[in-house]
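Residue numbers (the numbering used here), protein chains in the order written: chain A, 1 to 131; chain B, 132 to 429; chain C, 430 to 563. We put the beta carbon where it would ideally sit given N, CA and C, even for glycine.
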Amino acid sequence: MERIPVLRMGSLLLVTIQVDMHDKLALQLQDDITQRISDFGSTGVLIDISSLEIVDSFIGRMLANIAAMSRVLGAEAVVVGMQPAVAITLVELGMSLPGVRTALSVEAGMELLMSAVAKAARGWEDDRPQT
Amino acid sequence: MNQLAEIISRNEDKIRAEWIDGMTRSVQRADLISKAELDEQCGALLGAIVAGVKSSAPTDVSAASWESARELLQSISASRARQGFSPVDVATFVLSLKQPLFASIRDTLKGSQDEMFKTVWAATELLDRLALITTEAYMATREELITRQQQELLELSTPVVKLWDGILALPIIGTLDSSRTQMVMESLLQTVVATNSKYAIIDITGVPTVDTLVAQHLLKTITAARLMGAECIISGVRPQIAQTIVHLGINLEDVVTKAKLSDAFALALDRSGRTVTRKDGVRASANPISTLLEKREE
Amino acid sequence: MIVLKRDLQHLKNSNDMVLARQKVRQWATELRFSLVDQTKLVTAASELARNALEHGKGGVMILESLANGTKSGLRLVFEDQGPGIADIDLALKDGFTTGSGLGLGLGGSRRLVNEFSIESEVGKGTKVTAVRWR
């Protein structure tokens, strides 16, 4: 079965979602990410959704789950590149994804992850995502 | 009813010519429509009317057999509406067909009063209904035009301004209803992406009242921006607005608000890791006289 | 108001859902909806198709392009012969503000379209109609 590739870049995992995922693919991605974090001891996950034209409540929940699961495994996740139309629709749908860090671009996302990871390393336990 | 179809068919050229001649100059508008075009339109309409009258639904203009007549009328009205004809002109275009038509009916059915009356009545009913179609179509076109202009006006009244690299400002002037919010949101978010700006200052100095609905609209915008990775700061909160917000119990816990745009700008600069320094390195003194004295002593 | 075009998409598995989204996107583009409105339509379709598939045990989506005077619109009807919804008002309440899994996505979908109606009978099935005008 086709899978969305989860790439490793040092201590980070990089995922680019470009296709309209059917449910099984989305669940597979969740599994793969958590598995990889565990395998490599990754401290950050960057999910690029700049090509995603649709984010419905299922995908929204998937993103929230990935963020939550990653955190439990000791990694921070950031979702980057949400398109304006998608953001507007998600808000109208009633989803605000409070537990999910976001950034405008892959660059900004990496910066965010680096500083979040550095903070965690300094032992600042009260680092809750700024939402 | 077949009488009507026959009468029109047999006298078509004459009816058409009299029809056009009978149109007052204001309906003709030679400056907007050429005589040839007008002739063509009238001919086409007469043809469509004959077809409709001959069909199984001779007076029911909403039936399928009248579709080409309806479409023709709708397109004629729409184009006239856009060209600037008045609604009276457009309806008169159809109604002025009555005179030549009745004249032909009278000439043909002179002998039988009953037949003549029936046919005239059918004809007048028909033309009244057709005229109403043109009026409806005319109004629909004008409404479309107005809506489009409203859109453009809305777009012009919510400019997104780049204050600095990565810092945008959106001064909102006037009331925020849901259609305006939609526009504001889209414009702001698109600019956020286009300029890669992490900070957007929404200034509401020019918003007269903030009720629960307006607050909801603002919150939607802020949430959408956040989902994209940008942060919104609300500025221009007047004392009365602050009171209203608290009284209404609107929850702005997660939202950063500032009274002045300049404060919001300073905050955005700070958050994005920037400071402002003077070029000459002299510390700004609160008292200009002491600065003068300092200089004197050198 | 007239129906200009009509099509049907079965909703039997998750692949059908991808097809359903694609069809709605295509129709919305042809009807020249703005990008935001297209996104809202496709997202609403995704929610409602998922409902029909999961809660309704499979069903169909009917697409109709409408013309009302000079307005054009897209109507989507989702029908299933599933267990039905006992309390429609409750189902329309939001369960999604925190992204948790409860709720049927109905309340949210309603906000994405202009006209929305639900007919449902316990044990017989559900029919959801959503219309967006341009």
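By a C-beta neighbour count over all protein chains shown, 10 Å radius and 16 as the cutoff for buried, is ARG409 (chain B) buried or exposed?
The sequence position of residue 409 (chain B) within the second sequence is 278, counting from 1. Its Cβ having fewer than 16 others within 10 Å, ARG409 (chain B) is exposed.
Hey, is LYS351 (chain B) close to the ligand FAD, as in C-beta under 7 Å from one of its heavy atoms?
The model on display carries no ligand, and the ligand FAD is accordingly not part of it.
In chain order, what are the residue ranges of uninterrupted alpha helix (DSSP H) at least 4 long that sit wholly in the segment 275-320 of chain B?
The qualifying runs do not exist here; there are none.
Which chain F residues sit within Cβ distance under 7 Å of GLY498 (chain C)?
Among the protein chains in the structure shown, which are A, B and C, there is no chain F.
Does THR527 (chain C) come out as helix, strand or coil in the three-state DSSP assignment?
Numbered from 1 along the third sequence, position 98 holds the residue referred to as residue 527 (chain C). With a pLDDT of only 31 at THR527 (chain C), under 50, the local geometry of the prediction cannot be trusted, and no value is derived from it.
GLU2 (chain A) CB to nearest chain C CB: under 8 Å?
Counting from 1 along the first sequence, the entry for residue 2 (chain A) is found at position 2. Closer than 8 Å: no.
What residues from the segment 49-75 of chain A come within 7 Å of chain B, judged by C-beta to C-beta, listed N to C?
none
Have a look at B:GLN374, B:VAL323, B:MET316, B:ASN327 and flag the residue whose alpha-carbon is nearest the alpha-carbon of THR343 (chain B).
Your numbering for residue 343 (chain B) matches position 212 in the second sequence. Among B:GLN374, B:VAL323, B:MET316, B:ASN327, the Cα nearest to that of THR343 (chain B) is on B:GLN374.
Among the candidates B:LYS166, B:ILE304, B:SER310, whose CA atom is the shortest distance from the CA of GLN282 (chain B)?
Here residue 282 (chain B) is taken as the residue at index 151 of the second sequence, counted from 1. Of B:LYS166, B:ILE304, B:SER310, the residue nearest in Cα terms is B:SER310.
In chain order, which alpha helix (DSSP H) runs of at least 4 residues are fully inside the segment 500-560 of chain C?
Counting whole runs of 4 or more residues, the segment 500-560 of chain C contains the alpha helix (DSSP H) stretches 517-520, 535-541.
Going by DSSP in three states, GLU429 (chain B) sits in which element: helix, strand or coil?
The residue labelled residue 429 (chain B) in the question sits at position 298 within the second sequence. Low per-residue confidence applies at GLU429 (chain B): pLDDT is 46, beneath 50, and the placement is therefore not dependable, though the value from the model is reported in the following sentence. In the structure shown, GLU429 (chain B) sits in coil (DSSP, three-state: anything other than H, G, I, E or B).
I'd like to know if THR102 (chain A) contacts chain B, where contact means its C-beta is closer than 8 Å to some C-beta of that chain.
Taking the first sequence and counting its residues from 1, one reaches residue 102 (chain A) at position 102. Yes, its Cβ sits closer than 8 Å to a Cβ of chain B.
Within this structure, are the beta carbons of LEU299 (chain B) and VAL324 (chain B) separated by less than 8 Å?
Taking the second sequence and counting its residues from 1, the one referred to as residue 299 (chain B) is at position 168. Taking the second sequence and counting its residues from 1, the one referred to as residue 324 (chain B) is at position 193. No, these two residues do not count as a Cβ contact at 8 Å.
Give me, in chain order, the residues of the same chain whose beta-carbon lies closer than 8 Å to that of LEU400 (chain B); leave out the 5 immediate sequence neighbours on both sides.
The residue given as residue 400 (chain B) occupies position 269 in the second sequence. Result list for LEU400 (chain B): TRP295, ILE298, THR406, VAL407, in chain order.
For SER471 (chain C), return the contacting residues in chain B, with the cut-off set at a CB-CB distance below 8 Å.
Taking the third sequence and counting its residues from 1, one reaches residue 471 (chain C) at position 42. The identity of residue 471 (chain C) in the sequence shown is Val, whereas the question assumes Ser. Neighbours of VAL471 (chain C) on chain B: none; closest Cβ ~17 Å, over 8 Å.
To the nearest angstrom, how far is it from the Cα of ASP48 (chain A) to the Cα of LEU25 (chain A)?
Start at 1 with the first residue of the first sequence, and residue 48 (chain A) comes out as number 48. Start at 1 with the first residue of the first sequence, and residue 25 (chain A) comes out as number 25. Their backbone Cα atoms lie some 16 Å apart in a straight line.
Among B:LEU261, B:VAL221, B:ALA361, nearest to TRP450 (chain B) - alpha-carbon criterion:
Absent from the structure is residue 450 (chain B), since the part of chain B shown begins at 132 and ends at 429.
Simplified DSSP state of GLU134 (chain A), which is helix, strand or coil:
In the structure as shown, chain A starts at 1 and stops at 131, and residue 134 (chain A) therefore has no counterpart that could be examined.
May I have the straight-line CA-CA distance separating LEU437 (chain C) from GLU92 (chain A), to the nearest angstrom?
The sequence position of residue 437 (chain C) within the third sequence is 8, counting from 1. The sequence position of residue 92 (chain A) within the first sequence is 92, counting from 1. Rounded to the nearest angstrom, the two C-alpha atoms are 27 Å apart.
If you count every other CB in all the chains shown that lies within 10 Å of the CB of GLN467 (chain C), and 16 or more means buried, which is it?
By one-based count along the third sequence, residue 467 (chain C) stands at place 38. Buried, since its Cβ has 16 or more Cβ neighbours within 10 Å.
Contact set between VAL465 (chain C) and chain B, taken where Cβ atoms lie within less than 8 Å
Locating residue 465 (chain C) in the third sequence gives position 36, counting from the first residue. Ordered by position in chain B, the residues that pass the 8 Å Cβ test against VAL465 (chain C) are GLN313, GLU317.
What residues in its chain sit with their C-beta under 7 Å from that of THR472 (chain C), if we drop five residues either side in the sequence?
Looking up residue 472 (chain C) in the third sequence gives position 43. LEU541, listed in sequence order.
What's the C-alpha gap between ALA559 (chain C) and LEU464 (chain C)?
To locate residue 559 (chain C), count along the third sequence from 1; it is residue 130. To locate residue 464 (chain C), count along the third sequence from 1; it is residue 35. Each residue's Cα considered, the two are about 18 Å apart.
Reducing DSSP to helix, strand and coil, say where ALA331 (chain B) ends up.
On the second sequence, position 200 is the one that residue 331 (chain B) refers to. ALA331 (chain B): strand per DSSP, three-state reduction.
Measure the CB-CB distance between ARG211 (chain B) and VAL221 (chain B) and report whether it falls below 8 Å.
Along the second sequence, read from residue 1 onward, the residue named residue 211 (chain B) stands at position 80. Along the second sequence, read from residue 1 onward, the residue named residue 221 (chain B) stands at position 90. Yes. Within cutoff.
Using the three-state DSSP reduction, which class does SER416 (chain B) fall into: helix, strand or coil?
Position 285 of the second sequence holds residue 416 (chain B). Caution is warranted here: a pLDDT of 49 is assigned to SER416 (chain B), below 50, making its placement in the model unreliable, and the coordinate value is therefore given only provisionally. Of the three classes helix, strand and coil, the one that applies to SER416 (chain B) here is coil, per DSSP.
Looking at the structure shown, is GLU111 (chain A) part of a helix, part of a strand, or coil, going by DSSP?
The residue you call residue 111 (chain A) lines up with position 111 of the first sequence. Helix, per DSSP.
Run of the beta strand (DSSP E) containing THR102 (chain A), from where it starts to where it stops:
Numbered from its first residue, the first sequence carries residue 102 (chain A) at position 102. THR102 (chain A) -> beta strand (DSSP E) spans 101-103.
Cβ pair count under 8 Å reaching 3, the segment 138-152 of chain B against the segment 102-117 of chain A:
At 8 Å Cβ cutoff, the stretches do not touch.
Leaving out five residues on either side along the sequence, give the residues of the same chain with a beta carbon under 6 Å from the beta carbon of ALA455 (chain B).
There is simply no residue 455 (chain B) to check, as chain B begins at 132 and stops at 429 in what is shown.
Indicate the three-state DSSP secondary structure (helix, strand or coil) for LEU349 (chain B) in the structure shown.
Indexing the second sequence from 1 puts residue 349 (chain B) at position 218. LEU349 (chain B) falls in the helix class under three-state DSSP.
Pick out whichever of A:ALA121, A:ALA67, A:ARG71 has its Cα sitting closest to the Cα of VAL80 (chain A).
Residue mapping note: residue 80 (chain A) aligns to position 80 of the first sequence, counting from 1. Ranking A:ALA121, A:ALA67, A:ARG71 by Cα distance to VAL80 (chain A) puts A:ALA67 first.
Would you kindly work out how many angstroms separate the C-alpha atoms of LEU90 (chain A) and MET446 (chain C), rounded to a whole number?
Position 90 of the first sequence, counting from 1, holds the residue named residue 90 (chain A). Position 17 of the third sequence, counting from 1, holds the residue named residue 446 (chain C). So the two alpha carbons sit approximately 19 Å from each other.
Can you check whether the C-beta of LEU505 (chain C) is within less than 8 Å of a C-beta belonging to chain A?
As a first step, residue 505 (chain C) is located in the third sequence; it is residue number 76 there, counting from the start. Cβ-Cβ to chain A under 8 Å: no for LEU505 (chain C).
Under 8 Å between C-beta atoms, does THR527 (chain C) make it to chain B?
For this step, residue 527 (chain C) is matched to residue 98 along the third sequence. Residue confidence for THR527 (chain C) is low, a pLDDT of 31 falling below 50, so the modelled location carries little weight; the figure read from the coordinates is stated next. THR527 (chain C) does not count as touching chain B.
Can you tell me where the beta strand (DSSP E) holding ILE88 (chain A) begins and where it ends?
Locating residue 88 (chain A) in the first sequence gives position 88, counting from the first residue. No beta strand (DSSP E) holds ILE88 (chain A); the alpha helix (DSSP H) holding it covers 84-93.
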